[in-house]
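The next block holds one structure in the form of structure tokens; read it before the comments.
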Amino acid sequence: MSAPLVRLEGIDKGFGGQRVVDRLDLEIGQGEFLSLLGPSGCGKTTLLRMIAGFETPDRGRVVIDGIDMTGVPPYRRPVNMMFQSYALFPHMTVRDNVAFGLKQDGVDRREIERRVREILDLVKMGDHADRKPAQLSGGQRQRVALARALVKRPKLLLLDEPLAALDRRLREHTRLELVNLQRELGITFVIVTHDQEEAMSLSSRVAVMNGGRIEQLGPPALIYERPASRWVAQFVGDVNLFAGRITQCNGSGLTLDTPDAALLAEAGAAPLATGSDAWLAVRPEKIELFPGTERPDGFANVIAGALVDVGYLGNLSVYRVAVGSGATVVATLANRRPYPATGLDRGAPVWLAFTRDSGVVLTA
Amino acid sequence: MTGWRPGWREAAILLPLAWLALFFLVPFLIVLKISLAEPILAQPPYSPLLVWPEGGGWPALGARLDNYLVVLQDDLYVRSLLNALRIAAVSTVVMLLIAYPMAYAMARAPKNWRPALLLAVILPFWTSFLIRVYAWIGILKDEGFLNHALMSVGLIDQPLVIMNTDWAVHIGIVYSYLPFMILPLYATLERLDLTLLEAAADLGAPPWKSFLQVTLPLSLPGIVAGSLLVFIPAVGEFVIPDLLGGSDTIMIGKTVWIEFFQNADWPLASAIAVTMLVVLVAPLALLRRGLHG
Amino acid sequence: MKLSPFLLVALALGLAFLYVPIVLLIVYSFNDSRLVTVWAGFSTRWYGQLFSDSAFLEAAWMSLKVAVTSATIALVVGTLAAYALVRLGRFRGRMLMIGMVQAPLVMPEVITGISLLLLFVSLNFDRGFGTIVIAHATLGASYVAVVVQARLVTLERDIEEAALDLGATPAATFRQVVLPLAAPAMLAGWLLAFALSLDDLILASFVSGPGSTTLPMKIYSQARLGVTPMINALSTIVIVAVSLMVVIASLLAKGSLVRGDSRAG
């Protein structure tokens, strides 16, 4: 990564005595598509608003393109924002909405006309330039808001829950468009979302936030496959956590002693002390399920249990299995054969099995 | 949002604050000051609050409570205050009885009627208050429209004496302030969720019961706001008792006017005004709480 | 939805109560007789007399000047107050401003009138046009503030932030975004202040000086002597003018809503 476009250094921000962003550092690279993912109240929107200039950090610096922007008002920052509500000016036509920012900069009238037409064509709203926002559908308003924020060619586009107001079908379609648009324009996008699927499918990197801090920062696959903490593992997707004590940890692998079984896993880069508490996190789709009483072969980890219930989701089925310790383990299986599968009735004895590289050992 | 260019923000705050302070707040302090002075034959006709001794030194405080003693001891002033409170209270209750069914009907009227009905209620409120009070003189006087109508249908054979009595003052107040009562009532009743009434009916409440137990309690904020909104200015009313009332109809607002313009006793008029304000402080505070809660 | 007969009758009687006095006043302004309650045929003679009475015309002109000037000042002061209260968060003096905006609305006018007069006397102001304008502008500002405040509250803050984000300074944002969106409410506020000023007797009586008689003061001094057809004629003109203004204003406000001032959804 060359010199970062945005650098947040030691940002603190509180409202009425409550700390919302807590000593946060973050670098955002040129051309990146970064998601700030977290539950409501985690500080992600406040962080976005500090980059935009609507909030001033209590401490720390916001540096954009090498220039300290900490005290600079929003109207003097090379940053534009797309609002969750879209915030279109209701008294202006689509054309005037999009032209608004260029007019503020005193851009030549003919140039404004050209650029407005160009960007409206890009978001396929060229035919609706003379309409008022109230005459547009939700999806159309979203496009206008996007065009309005992009027309000034900002170095950085901030998007606050840009797809939250759209219905599910439209949202999935728009996601793809957003990714294509970002690639085409090469502008850095920072998006705030509470929807993990959105963060996964859109971004090149995800920052998972919790309690005003970044819990984990990395590409979507890494966040999902190698969560850094139990909190991240549980917030991003579903997970089974097996609590236990490390009894062995060396180059060949790690053994975690749990009430149900001694589980085997890959050893991480940093060696973990034997005798310490840890958790093995295993995603439900990484667990295989075998009916019957015959213990399956070829798996490093096998646990006996009884099927509690099955949730049928069409493409998938979710099996909840009670194991000896009293815990419930969830396994998700694709319905490759006609449902219901034989031998998987309620109360039936089953085996849960997963490989050594399926789980992640967590100490936090 | 701090740390922005100041000028703009300060201007938006300071200009209205300064204007209202200078022309609304400060004048009250002056009234308070002058109510503590004594009337003198001079311009202005009251004694100074601070008497500066000749040749320098600390000023002597010229404040005296004489005016307040007069207000509290003279039967005329006490009576005019009590009278005003009584007339305002009776008028408020009558208005509530007239306005509630009207507001209820407006709130339940078909949606496309409502703007027109609302306009019909607001329109009289915009047209001159003075003219609307004046209109009642022609109706209420001995040979006015009302007596004409009643006598021609044979209900009475002697004209009713209404003009220049407390009756006329009540009628005038009810008529003039009615829109102020209807509007807040309509606002709360219109917002009332009709499914609540359906729920009440579903749970077995007959209409009169669901009115008493659901509609009425939920419209209480509107009742309180409307009542205070008409009661407070009605207490200080001057035009209506002056034009429609008789010489024995004394209300505090009229008394202030007379002390001020006819007797030219500014300190006493100020003391009466302050007394009136003190009496109204409680309802004013209640109204403010109602507007914010 | 259906209205029960009781409600329908109550509404009809209530509206009749509100309008019968006004209608009688208007009808009898066209009465040929000097006796206001006896119909003696249609005539416009009182209108003729009215328009040849220079004292009335002068008072009307004075009232109009006062109303336009004071409503305009009220618009500026009231709009700024509303903006400060809705948008500028917590500032020192906010509670004071709230109190000073709301109190004049319900304060008995006799009290406001006395206090303003005593202020002008203390400051040695020449009483007349200027002092009446100040009195009316102060009362009008409260009405403007309340009306505009109600509108600003419904405007989402995002819209102003969007303007700032797109490079508009706070002043430009106010001019290009807030003002156009608040315009219908501001117009309504101006009209309200205008009508109040045109209507006010008590404040004007306290703070006026020699040579500054407003129309209500003139009407009042005549009305105390009883009903005269000329006052009926004058009242009719005022009522018709104000009603037209109100109806047009409410149509304007509605029209602007239809054109997309309200945000759908």
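Residue numbers (this note's numbering), protein chains in the order written: chain D, 2 to 365; chain A, 149 to 441; chain F, 50 to 314.
Backbone N, C-alpha and C fix where the C-beta goes; we use that ideal spot for every residue, glycine too.
Quantities reported herein were computed from a predicted structural model and do not represent experimental measurements.
Cutoff 8 Å: Trp405/A Cβ touching any chain F Cβ: Along the second sequence, read from residue 1 onward, the residue named residue 405/A stands at position 257. So yes, Trp405/A belongs to the interface.
Spatial distance of Ala430/A from Leu147/D (CA atoms): The residue you call residue 430/A lines up with position 282 of the second sequence. The residue you call residue 147/D lines up with position 146 of the first sequence. If you take the alpha carbons of Ala430/A and Leu147/D, they lie about 54 Å apart.
Contact with chain A by Pro70/F, beta-carbon distance below 8 Å: In the third sequence, counting from the first residue as 1, residue 70/F sits at position 21. Closer than 8 Å to some Cβ of chain A, the Cβ of Pro70/F qualifies, so yes.
Between the CA atoms of Tyr194/A and Pro75/D - distance to the nearest angstrom: Along the first sequence, one-based indexing puts residue 75/D at 74. Along the second sequence, one-based indexing puts residue 194/A at 46. Cα to Cα, the separation comes out at about 57 Å.
Three-state secondary structure (DSSP) of Pro54/F: Numbered from its first residue, the third sequence carries residue 54/F at position 5. Pro54/F: helix per DSSP, three-state reduction.
Best match in Asp26/D, Met82/D and Leu89/D for proximity to Pro58/D [C-alpha to C-alpha]: Locating residue 58/D in the first sequence gives position 57, where the first residue counts as 1. Closest option to Pro58/D, Cα to Cα, is Asp26/D.
Under 7 Å (Cβ pairs) to chain F, residues found in the stretch 90-120 of chain D: Phe90, Pro91, His92, Phe101, Gly102, Gln105 and Asp106
Cβ-Cβ distance between Leu443/A and Ala283/A below 8 Å: Not covered by the structure: residue 443/A. The range shown for chain A is 149 to 441.
Range covered by the beta strand (DSSP E) that runs through Ser318/D: Taking the first sequence and counting its residues from 1, one reaches residue 318/D at position 317. That run of the beta strand (DSSP E) goes Leu317 to Val324.
Whether Met235/F touches Leu124/F by CB criterion (8 Å): Counting from one through the third sequence, the residue named residue 235/F turns up at place 186. Counting from one through the third sequence, the residue named residue 124/F turns up at place 75. Yes, Cβ-Cβ distance for Met235/F and Leu124/F is below 8 Å.
Helix, strand or coil at Pro354/A [DSSP, three-state]: In the second sequence, counting from the first residue as 1, residue 354/A sits at position 206. DSSP places Pro354/A in coil when its eight states are reduced to three.
Backbone secondary structure at Gln249/D - three-state DSSP: For the purposes of this step, residue 249/D is identified with residue 248 of the first sequence, where counting begins at 1. Looking at Gln249/D - three-state DSSP - the assignment turns out to be strand.
Thr275/A versus Trp88/F: straight-line alpha-carbon distance, rounded: Translated into the one-based positions of the second sequence, residue 275/A becomes position 127. Translated into the one-based positions of the third sequence, residue 88/F becomes position 39. Spanning the two alpha carbons is a distance of roughly 25 Å.
Through-space distance from Tyr320/D to Asp310/D, alpha-carbon basis: Taking the first sequence and counting its residues from 1, one reaches residue 310/D at position 309. Taking the first sequence and counting its residues from 1, one reaches residue 320/D at position 319. Cα to Cα, Asp310/D sits roughly 6 Å from Tyr320/D.
Near-chain F residues of the stretch 37-62 of chain D (beta-carbon distance less than 9 Å), N- to C-terminal order: Arg50, Ala53, Gly54 and Phe55
Nearest to Gly102/D (by Cα), restricted to the options Phe140/F, Thr222/F and Val291/F: For the purposes of this step, residue 102/D is taken as the residue at position 101 of the first sequence. Closest by alpha carbon: Thr222/F.
Unbroken stretches of the alpha helix (DSSP H), 4 residues or longer, contained in the stretch 211-237 of chain A: 214-221
Rounded straight-line distance, which links the Cα of Leu230/A to that of Thr187/F: Locating residue 187/F in the third sequence gives position 138, where the first residue counts as 1. Locating residue 230/A in the second sequence gives position 82, where the first residue counts as 1. Using only the alpha carbons, I get a separation of about 30 Å.
Assigned secondary structure, Glu28/D (DSSP; H/G/I helix, E/B strand, else coil): Numbered from 1 along the first sequence, position 27 holds the residue referred to as residue 28/D. Strand, per DSSP.
Whole alpha helix (DSSP H) elements within the stretch 28-85 of chain D, 4-residue minimum: 45-53
CB contact below 8 Å: Leu145/F versus chain D: Along the third sequence, one-based indexing puts residue 145/F at 96. No, no contact with chain D.
Any chain F beta carbon closer than 8 Å to Pro249/A: For the purposes of this step, residue 249/A is taken as the residue at position 101 of the second sequence. Closer than 8 Å to some Cβ of chain F, the Cβ of Pro249/A qualifies, so yes.
Contact with chain F by Leu345/D, beta-carbon distance below 8 Å: Your numbering for residue 345/D matches position 344 in the first sequence. Taking Cβ atoms only, chain F never reaches closer than 8 Å to Leu345/D, which makes this a no.
Proximity test, Cβ basis, 8 Å: Leu73/F and chain D: Here the question's residue 73/F lines up with position 24 in the third sequence. Cβ-Cβ to chain D under 8 Å: no for Leu73/F.
Residue interval of the alpha helix (DSSP H) (run including Phe178/F): The residue given as residue 178/F occupies position 129 in the third sequence. Phe178/F -> alpha helix (DSSP H) spans Phe178 to Thr203.
Length of the line joining the Cα atoms of Asn302/D and Val145/D: Here residue 302/D corresponds to residue number 301 of the first sequence, with the count starting at 1. Here residue 145/D corresponds to residue number 144 of the first sequence, with the count starting at 1. Going from the Cα of Asn302/D to the Cα of Val145/D covers about 53 Å.
Per DSSP, the bridge partner or partners of Ala266/D: Start at 1 with the first residue of the first sequence, and residue 266/D comes out as number 265. DSSP output for Ala266/D lists Leu255/D as bridge partner(s).
Among Leu364/A, Gln306/A, Leu163/A and Ile398/A, nearest to Phe386/A - alpha-carbon criterion: Indexing the second sequence from 1 puts residue 386/A at position 238. Closest option to Phe386/A, Cα to Cα, is Ile398/A.
Bounding residues of the alpha helix (DSSP H) (the contiguous stretch that carries Trp239/F): Along the third sequence, one-based indexing puts residue 239/F at 190. From DSSP, the alpha helix (DSSP H) with Trp239/F extends over Leu228 to Asp248.
Which listed residue (Leu159/D, Val361/D, Gly212/D and Leu151/D) has its alpha carbon closest to that of Leu186/D: If you number the first sequence from 1, residue 186/D lands on position 185. Measuring from the Cα of Leu186/D, the nearest candidate turns out to be Leu151/D.
Three or more C-beta pairs below 8 Å linking the stretch 111-129 of chain D and the stretch 155-172 of chain D: no
DSSP state of Glu186/A mapped onto helix, strand, coil: Sequence index remark: in the second sequence, residue 186/A carries index 38 (1-based). Of the three classes helix, strand and coil, the one that applies to Glu186/A here is coil, per DSSP.
Opening and closing residue of the alpha helix (DSSP H) in which Arg111/D lies: Position 110 of the first sequence, counted from the first residue, corresponds to residue 111/D. It spans Arg110 to Leu123 - the alpha helix (DSSP H) in which Arg111/D sits, taken as one unbroken run.
Cβ pair Glu33/D, Thr194/D closer than 8 Å: The count along the first sequence starts at 1 and reaches residue 33/D at position 32. The count along the first sequence starts at 1 and reaches residue 194/D at position 193. For Glu33/D and Thr194/D, no; Cβs fall outside 8 Å.
Exposure of Ile208/F, with buried meaning 16 or more beta-carbon neighbours within 10 Å: Your numbering for residue 208/F matches position 159 in the third sequence. So Ile208/F counts as buried.
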